[in-house]
Amino acid sequence: MEDFAASAMAAAVIDRRTLTADFDSVVGAFRPAVFRFALACLRDRDAAETVAQDCFLKAFNSRNAFRGDCAVKTWLMQIAVNLIRDRIRNRKLQFWRRAKLEPVDCLGQRLDAHQPSPETALVCREKLAAMWTAVDRLPAKQRCVFLLRFVEDLDVLEIAEATGMKEGTVKTHLFRSLATIREKIGAAI
Amino acid sequence: MNDHPTSRQIDEFVAGAASPAVAGHLRECPGCRAEAERLSHSLAIFRQSVHQWSLAQERLPSQSYPGQSHRRITLRRLGWTAALAACLIAGLTLPRHRDAAPADRPRPVSDAELLVRVDRELSELAPASLEPVALQTTDGNGSEVRK
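Protein sequence lines, in the order shown, are assigned to chains A and B. Just so you know, we're using numbering that gives the first Met the number 0 here: the first sequence kicks off at 0 and counts up by one. Just so you know, we're using numbering that gives the first Met the number 0 here: the second sequence kicks off at 0 and counts up by one.
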C-alpha cells in the first residue's frame, strides 16, 4: 500500500514539462497503474508487461506531441487501451489458442488480515470471488470502462478521453456493467 | 425526492454521476444509503484486491526480460512453420522421384541381347552396297554366321 501511495503522490505532480524533461519519473509514477490495468484486462502477466513496456515506448516517442489537453495518466491510459484492444483482437484471431489466465484464487488472503472475524472474512472472500467472476464475464468494452472507473479512479470524462468513446456511451457501459455485476453477485452484496 | 431511487439511480450515485436529488435522498434515507454502501464496499474490496494482485505479480521474479516470451513464441512458431514447409516439400518431391526412378534406371541386359542389338544398329547404319556384309551376324557363341 505504501508503494501505491507513493506512486499516487508522484503521479499528482507529473505535468507536461516533466513528460519531456524527466521521463523516468513518469515511468516510475504511472507504470504500476498501466501494468495493473493491463493485467486486470488481460489476466496475463507477460502480456501485461509487454503492454506496459510498449505503452511507455510509444509515450516516449510521442512525448513532444502531447499537448496537455488531459492528464498524463489519461493520455497513458489512452495508449494502453489501444494496445490492449489490439491484443484482445489478436487473441480472438488465435481462436485455437486458449488464453492462459492468471489464477486469482489467492486474492483475498491479505485482505482478510484486518477483518474482525472468520465469518466476515469468508463473506468478504465470497464477495470478492463473485466480483472477479462477474467482471471477467463482462463484454470487453464494459470491462474496460468498469476497470478505469473503479480500479483506476478515472472519472467519466477521463474515461471518454482514454477510450475515445462519447461521454454518454461511457455512462451506458458503466451502468450496464454495474447492473450486470449487481445481478451476478446479488446474493453476495 | 419522496420516492426511493431505482437500482440504476443508486448505480449512478456509486459511479459518481448521480443527480443532486438522488444524492440528497441517499443522505436522508438510511435504507437506500445502506444499499449504496454495500455496493461501494464490494467495489472497494475489488479495487483493493486488484491493486494487491498487481503488486504481487509485479514483484514476482522476472524469469525473462520483457518481450522474451513473445520472441520465444515467435521463434517456436517459425520453427514449426519451417518444419511444416520441409515436410510439405518432402511430401511433394519424394513421390515424383519414386515414380521417375524405374523409367530412368537402365534395365539389366544380358550379353547376348546386347550383341544382337549392336549388330542390328550396325546393319541399319550400313549403306545399301554393303548389305551382304551387314547381314553377317554373330551367333550366341561369338562366331561369325552368314545368313
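Virtual Cβ for every residue (Gly too), placed ideally from N, Cα, C.
Considering only beta carbons, the part of the stretch 22–53 of chain B lying closer than 7 Å to chain A consists of R37, L38, S41, L42, I44, F45, R46, Q47, S48, V49, H50, Q51, W52 and S53, in chain order. Against chain A, a Cβ distance below 8 Å from B/S6 picks out A178 and R181. The C-beta of A/C123 comes closer than 9 Å to at least one C-beta of chain B. Under the Cβ criterion of 9 Å, B/L77 is not counted among the residues facing chain A. Annotation: A/G27 to A/F34 spans about 12 Å, alpha carbon to alpha carbon. Classified as buried, A/R44 has 16 or more neighbouring CB atoms from the shown chains inside 10 Å of its CB. Per DSSP, the continuous alpha helix (DSSP H) segment holding A/I158 begins and ends at V155 to T162.
The Cβ of B/G90 sits no closer than 9 Å to any Cβ of chain A.
Judged by DSSP in its simplified three-state form, A/E151 adopts coil rather than helix or strand. Between A/A58 and A/W74, the gap from beta carbon to beta carbon is short of 9 Å. Rounded to whole angstroms, the gap between the alpha carbons of B/E123 and B/P107 is 24 Å. Using a CB distance cut-off of 9 Å, A/P31 counts as an interface residue toward chain B. Its chain contains R148, E166, V169, K170 and L173 as the residues whose beta carbon lies nearer than 8 Å to that of A/V155, once the 5 sequence neighbours on both sides are disregarded; these appear in chain order. Sequence-distant Cβ neighbours of A/A159 in its own chain, meaning closer than 7 Å and more than five residues away, are K165, E166 and V169. Boundaries of the alpha helix (DSSP H) around A/P117: P117 to D135.
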